[in-house]
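Residue numbers (the numbering used here), protein chains in the order written: chain G, 1 to 275; chain P, 276 to 590.
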């Protein structure tokens, strides 16, 4: 009888991780992929992302497709109602309103995101350091935050805009200089809670420095609070830009969304329509 | 309780000093000396330097700061060179009207938001709740000036119910009686505040409804109405006290815009005119007053909360 060599296992065996007794191998359970899957299953989140994407495309890709005239004024075409050639009509000097919306939205979005980014960056680090060090330094840092929080935001922004002129950079800096306050408070609160957890003790025992503790352990765990806050910060920054433009102190070299509603523009519109 | 009071007041004083330092720092950086406004824009540097030296504007920073604090503590808010009056006089003419507008808006907001929030919490996830939530989000997201313009267009121009301009009278008591002109400004400011308040009130009332004492009251046999009025309203309103303190800066900013749109001769419009004239003494004096009001308002709100909520007092 020929000796049969031991057969190789069949080629379709599952070469992935073996499941424990009674367990199943499911899809990826951690990290970025899980977050993406959870996000995609939440209808409101997807709708929100869609609206955001629409606005970004509208403002940045729109002008490439729709060539509304926002530079050449045309006094015979003032205050036209929506019609051919001008889907949303023209304003009081003949500039196309839809084109203005697109161009203005660009500046507003830029300032909004830039200011929120500055604010979150500064605020997170400030709050994490304050929460971790604790004691007198913490109290001092939080009093500084209180002082800045008490001063009404709009007033300081207006004063700086009047004095130094309003460009995208200066507005982002000054709005960012106010946006960092609330994340600092929130992150400090989160860090105070996280400080007592076991993983922090473990990291400390392993010899991690404070910087590593903050950047590798504390801030990633405080991310949920940070993310919720940054969405509000972007919205607040865009509203601030619009308010500045409305009052007439907004971006001087570019259009922004508030400037088209400014008091002078509106007064002219009202007179023209006889209302 | 007394120690809490003392600690809280001490912190507030420290913050007030910090605010005055920040405002003076801004003033020093932005507007170091009014020499050019007084002497004219074509004055030569020698003249400017002599004027600065004479009036103490080239002293070291700390000396100028102490001089500024001394002025403040004597009630002198500075001199407005473009208006050519004392800042204090300018404010005295207008503060009553601004206070009336802000106070009425806040009162209206609280009176509407508290029942609205409770209604939303009781009828949770019903049609009414969802409608009010949507309206609240829409109003919350709208800038104040946009809401003001819409209200003017609808209620003053298209259907002439109210006046498109606020009352121009100088006597604050006449202004108080002039509902035809004052309704829209008060309504604008109130609507924006109601949106935020009702959200907080709703979540606070929802939290309170899950408490054990509500269950006990119902089990005792109290009518639902008694449960609501006697237990729910009082306990759900506590966060509102803190919230009122926290919305003071937003009210100041909102009144600035509202007074500008409705041409209401209050402190906000003064701020707007000073912005156009670049009169920094007025601007920074108003910012200082706003900041101080915020700190004092939050202090009062915290103290009121300890009075209203015995759990904090005895802790």
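Every residue, glycine too, gets a C-beta built ideally from N, C-alpha and C.
Anything in chain P within Cβ reach of residue i, meaning under 7 Å, just list it in chain order.
i	result
residue 242/G	418
residue 111/G	Correct list: empty, because the minimum Cβ distance to chain P is about 15 Å.
residue 146/G	290
residue 239/G	418
Listing by chain order, which chain P residues have their CB less than 8 Å from the CB of residue i?
i	result
residue 153/G	524, 528
residue 209/G	Near residue 209/G there are no residues of chain P at all, since even the closest Cβ is about 31 Å away, more than 8 Å.
residue 143/G	286, 289, 290, 293
Starting from the beta carbon of residue i, find every residue of chain G whose beta carbon is closer than 7 Å, and list them in chain order.
i	result
residue 516/P	Here the premise fails: no neighbours, minimum Cβ distance about 18 Å.
residue 570/P	150
residue 355/P	What residue 355/P touches in chain G: nothing, since even the nearest Cβ is about 14 Å away.
Just the Cα atoms here: how many angstroms apart are residue i and residue j?
i	j	result
residue 275/G	residue 48/G	At residue 275/G, the pLDDT of 40 sits below 50, so the modelled position is not reliable; the number obtained from the coordinates is stated separately. Distance between the alpha carbons of residue 275/G and residue 48/G is about 37 Å.
residue 273/G	residue 430/P	With a pLDDT of 49 at residue 273/G, under the threshold of 50, the modelled position of this residue cannot be trusted; read the value that follows with caution. Spanning the two alpha carbons is a distance of roughly 17 Å.
residue 129/G	residue 188/G	8 Å
residue 583/P	residue 568/P	22 Å
residue 283/P	residue 292/P	14 Å
residue 560/P	residue 75/G	43 Å
residue 534/P	residue 152/G	17 Å
residue 238/G	residue 330/P	42 Å
residue 241/G	residue 334/P	37 Å
residue 1/G	residue 32/G	In this prediction, residue 1/G scores a pLDDT of 49, lower than 50, which makes its location untrustworthy; no coordinate-derived value is stated.
residue 314/P	residue 354/P	15 Å
residue 39/G	residue 51/G	15 Å
residue 449/P	residue 459/P	16 Å
residue 94/G	residue 72/G	8 Å
residue 109/G	residue 58/G	11 Å
residue 497/P	residue 538/P	52 Å
residue 185/G	residue 127/G	6 Å
residue 99/G	residue 319/P	47 Å
residue 377/P	residue 564/P	15 Å
residue 210/G	residue 190/G	16 Å
residue 588/P	residue 576/P	14 Å
From the options, pick the residue whose C-alpha is nearest to that of residue i; which is it?
i	options	result
residue 56/G	69/G, 90/G, 103/G	103/G
residue 406/P	380/P, 470/P, 460/P, 458/P	470/P
residue 390/P	472/P, 280/P, 303/P	472/P
residue 574/P	564/P, 520/P, 562/P	520/P
residue 81/G	71/G, 73/G, 92/G, 72/G	92/G
residue 142/G	181/G, 170/G, 167/G	181/G
residue 507/P	495/P, 522/P, 481/P, 434/P	481/P
residue 502/P	397/P, 523/P, 440/P	397/P
residue 146/G	522/P, 286/P, 579/P	286/P
residue 579/P	555/P, 539/P, 550/P, 515/P	515/P
residue 466/P	485/P, 452/P, 411/P	411/P
residue 409/P	298/P, 395/P, 419/P	395/P
residue 96/G	70/G, 83/G, 107/G, 112/G	70/G
residue 299/P	323/P, 417/P, 345/P	345/P
residue 586/P	555/P, 510/P, 528/P, 562/P	510/P
residue 196/G	41/G, 156/G, 131/G	131/G
residue 310/P	322/P, 360/P, 302/P, 301/P	322/P
residue 423/P	373/P, 530/P, 370/P	530/P
When you measure from the CB of residue i to every non-hydrogen atom of the ligand FMN, does any distance come out below 7 Å?
i	result
residue 235/G	What this structure holds is no ligand at all, so the ligand FMN is not there to describe.
For residue i, return the contacting residues in chain G, with the cut-off set at a CB-CB distance below 8 Å.
i	result
residue 414/P	Per Cβ cutoff of 8 Å: no residues; residue 414/P is ~13 Å from chain G at best.
residue 553/P	162, 163
residue 297/P	147, 148, 151
Taking residue i as the query, report the chain G residues whose CB atoms sit under 9 Å from its CB, ordered along the chain.
i	result
residue 562/P	151, 152, 155, 156, 159
residue 558/P	155, 158, 159, 162
residue 541/P	Those within 9 Å of residue 541/P in chain G number zero; the least Cβ separation is about 15 Å.
residue 565/P	150, 151, 152, 155
Output, in chain order, the set of chain P residues within a Cβ distance shorter than 9 Å of residue i.
i	result
residue 247/G	420, 531, 532, 535, 547, 550
residue 34/G	Ordered by position in chain P, no residue passes the 9 Å Cβ test against residue 34/G, which lies about 28 Å from the chain.
Can you find a CB in chain B that lies within less than 8 Å of the CB of residue i?
i	result
residue 565/P	Any reference to chain B falls outside this structure, whose protein chains are G and P.
Inset, instruction - Specify whether the stretch 438-448 of chain P and the stretch 358-367 of chain P touch according to this definition: at least 3 beta carbon pairs, one from each stretch, less than 8 Å apart. - result: Taking a cut-off of 8 Å on C-beta distances, the stretch 438-448 of chain P does not touch the stretch 358-367 of chain P, as fewer than three cross pairs fall below it.
Legend entry - Any beta strand (DSSP E) of 3 or more consecutive residues that is wholly inside the stretch 146-209 of chain G: List check, beta strand (DSSP E) in window: nothing returned.
Legend entry - Inter-stretch contact (C-beta, 8 Å, three-pair minimum) for the stretch 199-214 of chain G and the stretch 85-99 of chain G: Output reads no: the stretch 85-99 of chain G does not touch the stretch 199-214 of chain G.
Inset, instruction - Take every Cβ of the stretch 131-146 of chain G, pair it with every Cβ of the stretch 224-241 of chain G, and state whether three or more of those distances are shorter than 8 Å. - result: Taking 8 Å as the limit for Cβ pairs, the verdict is that the stretch 224-241 of chain G does not touch the stretch 131-146 of chain G.
Legend entry - Segments of 3+ residues assigned as beta strand (DSSP E) that fall wholly inside the stretch 57-106 of chain G: When DSSP assignments are scanned along the stretch 57-106 of chain G, no uninterrupted stretch of beta strand (DSSP E) that is 3 or more residues long falls wholly within it.
Inset, instruction - With a floor of 4 residues, list each alpha helix (DSSP H) that falls wholly inside the stretch 518-567 of chain P, ordered by position along the chain. - result: The qualifying runs are 523-537, 542-552.
Legend entry - Inter-stretch contact (C-beta, 8 Å, three-pair minimum) for the stretch 107-117 of chain G and the stretch 218-228 of chain G: Too few Cβ pairs lie closer than 8 Å, so no.
Legend entry - Contact between the stretch 540-554 of chain P and the stretch 381-389 of chain P (3+ Cβ pairs under 8 Å): Counting Cβ pairs under 8 Å, fewer than three are found: no touch.
Inset, instruction - Starting from the N-terminal side, write out each stretch of the alpha helix (DSSP H) that is 4 residues or longer and does not extend beyond the stretch 409-445 of chain P. - result: You should have 419-427.
Inset, instruction - Note down, one range per segment and in chain order, each alpha helix (DSSP H) of at least 4 residues found wholly within the stretch 317-353 of chain P. - result: Fully enclosed alpha helix (DSSP H) runs of 4 or longer: 320-330, 336-348.
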